[in-house]
Structure formats: C-alpha cells, structure tokens
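According to my numbering, the sequence shown holds residues 16 to 76 in order.
Yeah, the Cβ is synthetic: ideal placement off N, Cα and C, and Gly gets one too.
This one's a predicted model, so the numbers in the text were calculated from it and none came from an experiment.
For reference, the structure discussed in these notes is given below.
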Amino acid sequence: MGKVLKIREVGAPILNKISDEVDIENINEEIVEIIEDLKATLEFGTGLGIAAPQIGINKRI
C-alpha cells in the first residue's frame, strides 16, 4: 500500500523541470512504490489524475 504524499502546488520548482524518463522494460521496486504512492495520494485527494512531479518525484510515469 502506498503512502499519501504532499501535492506540490503551482509555482513549486519541481513542476517546471523536465522529468526523467522511466524505462518501461526495466520496472523495478522503486517505480512500483512510486506508482503505489501516486494511487494512494490520488485516492486521498479530490483530483481526477496525478503526475509524479506533483508528489515531488521527477520521473515520467
């Protein structure tokens, strides 16, 4: 089960950076954990979608 993480708001520096690509052929435990955190954070909030940079993770997932 993932962790509910703080959602970054407009103006947060991470939202203006280009995120790192994730190699879909080599998904590891770290990526699975990030996905679980994304799901938990989205379910806790009121949004319809979420991206990794919004929870402070600079990756394209």
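Rounded straight-line distance, which links the Cα of residue j to that of residue i
{"i": "R23", "j": "I46", "result": "19 Å"}
{"i": "P28", "j": "D35", "result": "15 Å"}
{"i": "I49", "j": "G17", "result": "8 Å"}
{"i": "G62", "j": "V25", "result": "14 Å"}
{"i": "E58", "j": "E51", "result": "11 Å"}
{"i": "K32", "j": "I39", "result": "21 Å"}
Classification of residue i by the beta-carbon crowding that lies within 10 angstroms, buried from 16 upward
{"i": "L53", "result": "buried"}
{"i": "T56", "result": "buried"}
Contacts around residue i, its chain only, beta-carbon distance under 6 Å, and the 5 residues preceding and following it disregarded
{"i": "S69", "result": "It should be pointed out that residue 69 corresponds to Gln in this sequence rather than to Ser. Hits under 6 Å: I22 and R23."}
{"i": "K74", "result": "S34, D35, V37 and A67"}
Nearest-angstrom Cβ-Cβ length linking residue i and residue j, presumed shorter than 8 Å
{"i": "L20", "j": "G64", "result": "L20 to G64, Cβ: 15 Å. No contact."}
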